[in-house]
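First the structure, in the form of structure tokens, and then the observations on it.
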Amino acid sequence: MTIEDRFWAAPHRTLVGLSLPVMLSLIVEPLAGIVDTAFVERLGAEHAAALGAATAVLSSVLWVFSFLGVGTQTRVAFSVGTRDQSDASHVVGLAIALSVLLGVGVAAVLWWVAEPLVRWMSPNVLVQESALVYLRIRLFGAPAGLVLVTCFGALRGRTDMRTPLRIAFGMSVANIVLDALLIFGAGPLPALGIAGAAWGTTISQLGAALMASYAVARTLGVEWPRSPRGAGQLLLVGRDMALRTGALLLFMLVATKAALSLGVEEGAAHQAIRQVWLLTAFALDAFAASSQSLVGTFMGAGRPDGARRVASVACSWGLGAGVALCLLLILFENAAVFLIVPASARSVFHPAWIVCALAQPLNALAFVTDGIHMGTADFAYLRNAMLVSTALGLALLATIVTSGVTSGVTSGGASGSLDDVWWATAVWIALRAVLGVIRIWPGVGRAPARVAT
1371 MTIEDRFWAA PHRTLVGLSL PVMLSLIVEP LAGIVDTAFV ERLGAEHAAA LGAATAVLSS
1431 VLWVFSFLGV GTQTRVAFSV GTRDQSDASH VVGLAIALSV LLGVGVAAVL WWVAEPLVRW
1491 MSPNVLVQES ALVYLRIRLF GAPAGLVLVT CFGALRGRTD MRTPLRIAFG MSVANIVLDA
1551 LLIFGAGPLP ALGIAGAAWG TTISQLGAAL MASYAVARTL GVEWPRSPRG AGQLLLVGRD
1611 MALRTGALLL FMLVATKAAL SLGVEEGAAH QAIRQVWLLT AFALDAFAAS SQSLVGTFMG
1671 AGRPDGARRV ASVACSWGLG AGVALCLLLI LFENAAVFLI VPASARSVFH PAWIVCALAQ
1731 PLNALAFVTD GIHMGTADFA YLRNAMLVST ALGLALLATI VTSGVTSGVT SGGASGSLDD
1791 VWWATAVWIA LRAVLGVIRI WPGVGRAPAR VAT
């Protein structure tokens, strides 16, 4: 039975069955990031803020190239719908080669501009020094990180959701063990501090990339590119998705900078909330990833009616999960404070945490509709929606920072300032959700699934 037949026979069971392994594989990495934060928090608020600054910079750059995974997943899903295995093998080989080349290039450029970047992120000298150490070590794993994203996209495109889960779980366990050994030292191993956290993540990422490459070669086959055939289409996707992802991460980067500009305590509290927000985002993204593969398969098979049915089921499940996450965050606030918030930052934590919790249903609709539009290859619309949303979000952040400066607010006296940053984030995500939904219902503009019917 094909995946299309399975979905029509049991749509909710099929979607959830695909989404649960994706959810687990997506959340284990940010869980490891939370462990990183918990370990580094013991080194002091400055080191926790440095971790937030460095990871924000690295994510902001590497996630621009997430089109490698997104484009590969959609192309492989279309190939499943059209039953064209050779096209999938060629696309995968081309995407892996591009991942290695782009990863090396990005690492070289970031190494060169790392110092001015960390100075821009924070005025605190200790934060700058620690962030620079962490960032430069992580750059050694940049090519592996892009290869991993590409391979996971290829596997999910053929609805193999369990292999990425196994690899991501192994990578995260290795990262946690290496953190414990390298940050604080053990036996003959010296205590490396924040550098140990960076080495733990880098080594585990390299191992995971090797495992994922082997899994793709074994299940899909990899046709190493002898010509640039197909590169133009992938790079066209890359143009739209790079602009979209760049706008997304620009907002997150500026939000982190806004929090850091308010003081070390606000920066540390923001890093803690940001890690949990990423965790919930990855959990909700499971429905988006499954929707992308199912929608792409239906569109490849010429079945837009199936794509619209996937959209309806996925949005229902995503919204329910968002409400559940909102309640969980409110209930477990004290546990989060105990685990990942430095004592000096707790006074500014609570209001921002509540805003983050209330935004979860909006996150769900934004992420799930993103996956649906990726499945229909509606990348230009995704780009434009993100640019509009980010323009509004950045304007709100600029107002917050300007008002804080002009009013003379300083660290320790701005209990409402950090939650203003998160209110701006909530407005940003709300507009993304609205624009995502109206592309499906009623289907504004040249919506692919509606036009094809």
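Residues in the sequence shown are numbered from 1371 upward in steps of one, following the numbering used here. Every residue gets a Cβ at the ideal spot worked out from N, C-alpha and C, and that includes glycine. These numbers were taken from a predicted model, which means no experiment stands behind them.
Straight-line gap, residue i to residue j (C-alpha atoms, nearest Å)
i, j, result
"Thr-1667", "Leu-1632", "47 Å"
"Ser-1663", "Ile-1742", "9 Å"
"Val-1711", "Val-1462", "41 Å"
"Pro-1825", "Ala-1629", "Absent from the model: residue 1825. The displayed extent of the chain is 1371 to 1823, so no value can be given."
"Arg-1383", "Arg-1528", "18 Å"
"Gly-1315", "Leu-1396", "Residue 1315 cannot be examined here, being either before or after the span of the chain that is shown, 1371 to 1823."
"Phe-1448", "Thr-1746", "9 Å"
"Ser-1389", "Ser-1759", "27 Å"
"Phe-1737", "Val-1707", "27 Å"
"Ala-1612", "Arg-1526", "20 Å"
"Gly-1540", "Gly-1577", "9 Å"
"Ala-1379", "Cys-1685", "19 Å"
"Ser-1429", "Met-1393", "20 Å"
"Ile-1546", "Asp-1406", "8 Å"
"Pro-1731", "Val-1804", "12 Å"
"Val-1410", "Met-1581", "28 Å"
"Ile-1553", "Cys-1521", "30 Å"
"Trp-1792", "Ser-1661", "28 Å"
"Ala-1484", "Gln-1575", "21 Å"
"Leu-1509", "Ala-1579", "15 Å"
"Ile-1739", "Ser-1787", "Looking at the sequence provided, one finds Thr at residue 1739 rather than Ile. Their backbone Cα atoms lie some 31 Å apart in a straight line."
"Met-1342", "Leu-1471", "Lying before the first or after the last residue shown, residue 1342 is absent from the chain, which here runs from 1371 to 1823."
"Ala-1761", "Leu-1619", "12 Å"
"Val-1398", "Ala-1659", "16 Å"
"Thr-1372", "Arg-1453", "11 Å"
"Pro-1381", "Ser-1492", "48 Å"
"Trp-1482", "Ala-1556", "33 Å"
"Ser-1456", "Thr-1444", "15 Å"
"Ala-1550", "Leu-1698", "28 Å"
"Leu-1562", "Leu-1496", "16 Å"
"Val-1479", "Asp-1530", "34 Å"
"Leu-1735", "Asn-1494", "37 Å"
Beta-carbon proximity list for residue i, same chain, < 6 Å, skipping 5 on both sides
i, result
"Ala-1424", "Ala-1501, Tyr-1504, Leu-1505"
"Trp-1811", "none"
"Gly-1473", "Ala-1512, Pro-1513, Leu-1516"
"Asp-1748", "Pro-1818"
"His-1829", "Residue 1829 lies beyond the residue range present for the chain, which begins at 1371 and ends at 1823; the question has no answer from this structure."
"Arg-1753", "Asp-1610, Leu-1613, Arg-1614"
Reference residue i, options the options, closest by Cα
i, options, result
"Leu-1623", "Val-1488, Val-1446, Leu-1401, Phe-1435", "Val-1488"
"Gly-1692", "Ala-1484, Ile-1799, Gly-1557, Ala-1544", "Ile-1799"
"Val-1519", "Gly-1439, Leu-1762, Thr-1407, Ile-1553", "Gly-1439"
"Pro-1534", "Pro-1558, Phe-1510, Ser-1583, Ser-1492", "Ser-1583"
"Val-1718", "Ile-1573, Glu-1635, Ala-1420, Asp-1454", "Glu-1635"
"Gly-1616", "Leu-1385, Ala-1426, Gly-1422", "Ala-1426"
"Thr-1571", "Val-1495, Arg-1716, Gly-1403", "Gly-1403"
"Cys-1696", "Ala-1658, Val-1804, Ala-1796", "Ala-1796"
"Ala-1625", "Asp-1789, Val-1807, Asp-1454, Leu-1432", "Asp-1789"
"Asn-1733", "Ser-1429, Ala-1694, Pro-1558", "Ala-1694"
"Val-1607", "Glu-1416, Arg-1809, Ser-1436, Trp-1793", "Ser-1436"
"Gly-1676", "Ala-1418, Glu-1416, Gly-1451", "Gly-1451"
"Val-1446", "Asn-1494, Val-1665, Ala-1561, Arg-1532", "Val-1665"
"Ile-1700", "Val-1592, Ile-1643, Ser-1714, Ile-1373", "Ile-1643"
"Arg-1904", "Asp-1530, Phe-1377, Leu-1757", "The question about residue 1904 has no answer, for the chain in this structure spans 1371 to 1823."
"Gly-1422", "Asp-1655, Asp-1375, Gln-1498", "Gln-1498"
"Ala-1842", "Arg-1753, Ile-1537, Ala-1722, Leu-1735", "In the structure as shown, the chain begins at 1371 and stops at 1823. Residue 1842 is therefore absent and cannot be evaluated."
"Ala-1415", "Asp-1655, Gly-1637, Ile-1808", "Gly-1637"
"Val-1543", "Leu-1401, Ser-1714, Arg-1376, Ile-1808", "Leu-1401"
Chain-order list of residues whose beta-carbon lies under 8 Å from that of residue i (same chain, five-residue window excluded)
i, result
"Trp-1490", "Lys-1627"
"Arg-1716", "Ala-1639, Val-1707"
Expected contact under 8 Å - CB spacing of residue i and residue j to nearest Å
i, j, result
"Gly-1815", "Tyr-1751", "7 Å"
"Leu-1709", "Ala-1408", "6 Å"
"Gly-1690", "Ala-1755", "About 23 Å; that fails the 8 Å criterion."
"Val-1476", "Leu-1432", "7 Å"
"Ala-1524", "Val-1434", "In fact, because the Cβ distance is near 19 Å, the residues do not count as touching under 8 Å."
"Leu-1764", "Phe-1621", "6 Å"
"Gly-1441", "Leu-1604", "5 Å"
"Val-1386", "Trp-1687", "7 Å"
"Arg-1588", "Pro-1391", "Between Pro-1391 and Arg-1588 the Cβ distance is about 18 Å, and since that is not below 8 Å, they are no contact."
Beta-carbon proximity list for residue i, same chain, < 7 Å, skipping 5 on both sides
i, result
"Ile-1573", "Leu-1548"
"Ile-1507", "Ala-1565, Ala-1568, Trp-1569, Thr-1572"
"Pro-1558", "none"
"Glu-1374", "Thr-1667, Phe-1668, Ala-1671, Arg-1673, Gly-1676"
"Arg-1609", "none"
Should the stretch 1458–1477 be called in touch with the stretch 1678–1686, which here means at least 3 C-beta pairs below 8 Å? no
Can we say the stretch 1644–1651 touches the stretch 1721–1740, given the rule of at least three CB pairs closer than 8 Å? yes
Taking 8 Å as the cut-off, does the stretch 1761–1769 touch the stretch 1464–1483 (at least 3 CB pairs, one atom from each stretch)? Because the criterion of three Cβ pairs below 8 Å is not met, the stretch 1464–1483 and the stretch 1761–1769 do not touch.
Taking 8 Å as the cut-off, does the stretch 1649–1658 touch the stretch 1793–1807 (at least 3 CB pairs, one atom from each stretch)? no
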